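Visitor: This is the structure, below, for whatever I ask next.
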Amino acid sequence: MTRENQGARRFDILIIGAGFSGLYQLYRLRRLGFRVKLFDAGRDLGGVWHWNRYPGARVDSHVPNYEFSIDEVWQDWCWSERFPGWQELQRYFAHVDSKLKLKSDIEFNKRVTAAAFDEEECRWHLTCADGEIVETQFVLTCMGFAAKAHIPALPGLDRFEGHAIHTAHWPEAGIDLSGKRVGVIGTGASGVQVIQEAYKVAKELTVFQRTPMIALAMQQRQLSRESELAKKSSLKETFHIRNASSGGFHDLQMDERRAHEVSKVERDRVFEEAWAKGGFHFWTGSFSDIITDSRSNRLAYDFWRAKVHARVNDPATAEMLAPTEPPHPFGAKRPSLEQDYYEAFNHGNVTLVDLKKTPITAIEPQGVYTSEKAFDLDVLVLATGFDAGTGGFTQIDLRGTSGRTLKEIWQDGVDTHLGLGIPEFPNLLMLYGPQSPTAFWNGPASAEVQGDWVVNCLRHLRDNTFRRIEAKRDAAKAWTKHMEEMGARTLMPLADSWYMGANIPGKRRQMLFYMGSKSYMEHCNNSADNGYTGFELR
Ligand code: NA7
Numbered sequence: 047m048t049r050e051n052q053g054a055r056r057f058d059i060l061i062i063g064a065g066f067s068g069l070y071q072l073y074r075l076r077r078l079g080f081r082v083k084l085f086d087a088g089r090d091l092g093g094v095w096h097w098n099r100y101p102g103a104r105v106d107s108h109v110p111n112y113e114f115s116i117d118e119v120w121q122d123w124c125w126s127e128r129f130p131g132w133q134e135l136q137r138y139f140a141h142v143d144s145k146l147k148l149k150s151d152i153e154f155n156k157r158v159t160a161a162a163f164d165e166e167e168c169r170w171h172l173t174c175a176d177g178e179i180v181e182t183q184f185v186l187t188c189m190g191f192a193a194k195a196h197i198p199a200l201p202g203l204d205r206f207e208g209h210a211i212h213t214a215h216w217p218e219a220g221i222d223l224s225g226k227r228v229g230v231i232g233t234g235a236s237g238v239q240v241i242q243e244a245y246k247v248a249k250e251l252t253v254f255q256r257t258p259m260i261a262l263a264m265q266q267r268q269l270s271r272e273s274e275l276a277k278k279s280s281l282k283e284t285f286h287i288r289n290a291s292s293g294g295f296h297d298l299q300m301d302e303r304r305a306h307e308v309s310k311v312e313r314d315r316v317f318e319e320a321w322a323k324g325g326f327h328f329w330t331g332s333f334s335d336i337i338t339d340s341r342s343n344r345l346a347y348d349f350w351r352a353k354v355h356a357r358v359n360d361p362a363t364a365e366m367l368a369p370t371e372p373p374h375p376f377g378a379k380r381p382s383l384e385q386d387y388y389e390a391f392n393h394g395n396v397t398l399v400d401l402k403k404t405p406i407t408a409i410e411p412q413g414v415y416t417s418e419k420a421f422d423l424d425v426l427v428l429a430t431g432f433d434a435g436t437g438g439f440t441q442i443d444l445r446g447t448s449g450r451t452l453k454e455i456w457q458d459g460v461d462t463h464l465g466l467g468i469p470e471f472p473n474l475l476m477l478y479g480p481q482s483p484t485a486f487w488n489g490p491a492s493a494e495v496q497g498d499w500v501v502n503c504l505r506h507l508r509d510n511t512f513r514r515i516e517a518k519r520d521a522a523k524a525w526t527k528h529m530e531e532m533g534a535r536t537l538m539p540l541a542d543s544w545y546m547g548a549n550i551p552g553k554r555r556q557m558l559f560y561m562g563s564k565s566y567m568e569h570c571n572n573s574a575d576n577g578y579t580g581f582e583l584r
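Residues 47 to 584 (my numbering) make up the sequence shown, in order.
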């Protein structure tokens with residue numbers, strides 16, 4: 047023990063992150079008698095729903111898929127919208143706490159900045175931003191995939207005299223956009239949501255689009271208390287189906303026929319039906335070959351494009367938003383859900399700028415300069431995404447048995463076993479991290495299903511007096527290879543998406559998320575059933 051560590055607080059398990067995964071771990075492990083503590087850098091519960099408070103921020107997974115299946119939590123909770131907004135999600139987390147009393151074991155404003163594994167003691171030493179060093183036998187990372195915002199290196203950004211803000215750093219007090227000249231860079235899920243709100247109040251809204259978003263109809267609905275209560279009798283079954291499904295939705299079923307082989311009438315019927323259901327139905331709830339067969343993919347794209355063109359008055363703007371030639375295969379980048387995104391561009395105060403044709407050359411004190419013209423702005427919203435999957439880890443000085451940081455190691459590519467364990471990083475287990483289905487798995491379902499696996503693993507270690515678990519290098523290499531082979535059977539690698547790590551300049555390109563939580567869990571359960579193959583236990 048080093049001098050500074052004398053008297054350090056000591057835990058069996060330290061959880062990082064108070065979103066769905068972290069809270070579920072705390073809830074379960076505490077009941078099993080582990081000495082467990084949860085640290086979160088934020089001021090309150092919610093994970094992404096604590097940080098993402100920009101105008102219009104709401105979840106793209108419809109309820110009741112997006113909630114815990116814990117009885118005492120769902121029994122007297124009613125949603126007011128099919129796709130709840132961030133305020134309601136924050137109220138939901140407060141409700142979770144009122145039922146499960148988790149906060150007593152959570153410390154907020156507690157950011158872990160460094161962690162080093164002490165081989166001799168078989169324990170992690172974690173350093174926090176406030177200077178405290180704590181010790182723990184196990185670390186569970188529950189940081190989500192969007193823990194590190196991506197702020198692009200735009201020349202002159204620091205000189206901007208208005209308010210420049212990333213969507214994930216929105217201040218708690220809010221920013222009033224009314225009557226302002228607002229610019230939004232980025233048209234991913236966050237950009238689409240901000241734009242939908244900003245155009246209604248801003249004096250002028252300028253949308254800087256690099257790649258058009260293939261946004262799908264949300265089909266939002268208000269939910270009455272009566273209709274919510276009426277669902278309660280079947281909710282247990284709904285959650286059961288959800289958790290057993292591939293993707294974590296109880297009601298997304300694929301049509302196994304090939305889209306390009308059925309008649310146009312039949313295809314349009316299936317597409318229209320999925321479209322009317324809204325949400326991700328058009329993406330992962332219509333023909334199953336859309337993401338594997340470019341012919342079927344193009345048919346889905348053309349169907350979507352016609353929908354957009356019917357809503358945008360100016361044909362040139364419509365073509366910028368939904369070009370004749372797809373910017374990438376449909377669904378190979380995460381589609382956003384929209385309500386009146388396309389109608390926004392029919393309003394006189396909204397300008398769409400195509401950054402592929404006229405790139406940003408500089409940010410000046412007054413606004414954004416493109417190669418064509420200057421746009422004076424009061425507020426510049428950076429809806430520029432995240433260093434997804436890995437950024438949350440690499441921003442921590444995380445050192446394993448070799449003393450090398452995870453950042454150094456992952457520069458050459460991410461290798462994990464089952465997206466759960468990392469060679470050289472014993473007793474650290476990842477939830478909702480890279481190389482597990484994460485981006486393709488509804489958060490609360492993953493928190494419970496993958497979460498149960500981790501809880502059972504920790505219980506197994508304790509019951510069998512193992513002190514240490516570490517992913518084997520050959521198993522991790524094999525998992526990466528398996529993921530690459532799976533990805534290559536789809537159209538996913540063809541897009542420059544955050545799924546591929548391709549949204550961050552210099553980041554190694556690789557498939558970062560596993561497609562299919564059902565087969566993923568088969569791999570995990572096989573490993574556990576056979577004595578945790580691919581891991582070394584001692
Ligand atoms: P995304 O989906 O990564 O979107 C980021 C957007 O920002 C996207 O349109 C990018 O264009 C754009 N971007 C990024 N860097 C730049 C630069 N340098 N110049 C111009 N435009 C840029 O992030 P979101 O926050 O919207 O969503 C992330 C996930 O959170 C979402 O999928 C949900 O799962 C929740 P590009 O497409 O790279 O050309």
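All C-beta atoms, glycine included, are put in the ideal place defined by N, C-alpha and C. The structure displayed is predicted, hence computed values, not measured ones.
(1) Would leucine 71 pass as a contact of cysteine 188 if the rule is Cβ separation under 8 Å?
(2) Measure the C-alpha to C-alpha separation of phenylalanine 486 and glutamine 52 and round it to an integer number of angstroms.
(3) Could you check how far apart the C-beta atoms of glutamate 127 and glutamine 266 are, in whole angstroms? I think they sit under 8 Å.
(4) Do threonine 252 and valine 586 come within 8 Å of each other at the CB atom, strictly closer than that value?
(5) Using the C-alpha atoms, what's the distance from proline 375 back to arginine 554?
(6) Please look up how many angstroms separate the CB atoms of valine 185 and leucine 477, rounded, as I've assumed it's under 8 Å.
(7) Counting only runs of 4+ residues fully inside the stretch 390-433, write out the alpha helix (DSSP H) ranges in chain order.
(8) CB of leucine 398 to nearest heavy atom of the ligand NA7: below 7 Å?
(9) Does the stretch 157-165 come within contact of the stretch 491-507, defined as at least 3 CB pairs closer than 8 Å?
(10) Would glutamine 385 be called buried (16 or more neighbouring beta carbons within 10 Å of its own) or exposed?
(11) For the stretch 139-156 against the stretch 282-296, do three or more pairs of beta-carbon atoms, one drawn from each stretch, fall closer than 8 Å, so that the two count as touching?
(12) Is valine 230 near valine 427, with beta carbons less than 8 Å apart?
(13) Express the C-alpha separation of leucine 507 and methionine 47 in angstroms, rounding to a whole number.
(14) If you reduce the DSSP assignment to three classes, tell me which class phenylalanine 512 lands in.
(15) Quick test of the definition: if touching needs 3 or more C-beta pairs under 8 Å, does the stretch 353-368 touch the stretch 519-534?
(16) Measure from the alpha carbon of glutamine 299 to the alpha carbon of each residue in Val308, Lys282, Glu319, Ser280, then state which is nearest.
(17) Mapping DSSP to helix, strand and coil, what is threonine 182?
(18) So, alanine 346 versus serine 543, is the Cβ gap smaller than 8 Å?
(19) Could you tell me which residues DSSP puts in a beta bridge with histidine 463?
(20) Could you have a look at tryptophan 170 and say whether DSSP puts it in helix, strand or coil?
(21) If serine 340 and arginine 304 are in contact, beta carbons under 8 Å, what's the gap, nearest whole angstrom?
(22) Is the beta carbon of serine 107 within less than 7 Å of some heavy atom of the ligand NA7?
(23) Given a cut-off of 8 Å on the beta-carbon distance, is the pair aspartate 106 and glutamine 183 in contact?
(24) Mind checking whether phenylalanine 139 and glycine 92 have CB atoms under 8 Å apart?
(25) So what does DSSP say about threonine 526, is it helix, strand or coil?
(26) Quick check on alanine 429: buried or exposed, where buried means 16 or more other Cβ atoms within 10 Å of its Cβ?
(27) Do you know whose CA, among Phe114, Glu371, Glu207, lies nearest aspartate 423's CA?
(28) Report yes if the C-beta distance between glycine 533 and proline 539 is below 8 Å; otherwise report no.
(29) Looking only at its chain, what residues have a beta carbon closer than 7 Å to the beta carbon of proline 373, apart from the 5 residues adjacent to it on each side?
(30) When DSSP labels each residue in this structure, what does threonine 187 get in the three-state scheme?
(31) I'd like the span of the alpha helix (DSSP H) that includes methionine 567, first residue to last.
(32) If you reduce the DSSP assignment to three classes, tell me which class lysine 83 lands in.
(33) Should threonine 233 be listed as close to the ligand NA7, given that the test is whether its C-beta is under 7 Å from any heavy atom?
(34) Using a threshold of 7 Å, is the CB atom of tryptophan 544 nearer than that to any non-hydrogen atom of the ligand NA7?
(35) Nearest-angstrom Cα distance between histidine 196 and glycine 431?
(36) Does any heavy atom of the ligand NA7 sit closer than 7 Å to the C-beta of phenylalanine 646?
Guide: This is what the structure holds:
(1) The sequence given here places glutamine at residue 71; leucine does not occur at that position. Yes; because the gap between Cβ atoms is below 8 Å, this pair is in contact.
(2) 43 Å
(3) 6 Å
(4) The structure shown does not extend to residue 586, since the chain is modelled only from 47 through 584, so no value can be given for it.
(5) 21 Å
(6) The Cβ separation is near 11 Å, so there is no contact.
(7) Counting whole runs of 4 or more residues, the stretch 390-433 contains no alpha helix (DSSP H) stretch at all.
(8) no
(9) no
(10) buried
(11) no
(12) yes
(13) The pLDDT assigned to methionine 47 is 42, lower than 50, so where the model puts this residue is not dependable; a value taken from the coordinates is nonetheless given after this. Between methionine 47 and leucine 507, the C-alpha separation is close to 24 Å.
(14) Three-state DSSP puts phenylalanine 512 in coil, outside helix and strand.
(15) no
(16) Glu319
(17) strand
(18) no
(19) Gly467
(20) strand
(21) Actually they do not touch by this definition, with Cβ atoms about 12 Å apart.
(22) no
(23) no
(24) Yes, the pair counts as a contact, with Cβ atoms nearer than the cut-off.
(25) helix
(26) buried
(27) One detail in the question is off: residue 423 reads as leucine in this sequence, not aspartate. The option with the nearest alpha carbon to leucine 423 is Glu207.
(28) yes
(29) Thr257, Pro258
(30) strand
(31) Segment 563-575, the alpha helix (DSSP H) holding methionine 567.
(32) strand
(33) Under cutoff, so the answer is yes.
(34) yes
(35) 5 Å
(36) Because the chain here runs from 47 to 584, residue 646 falls outside it and cannot be looked at.
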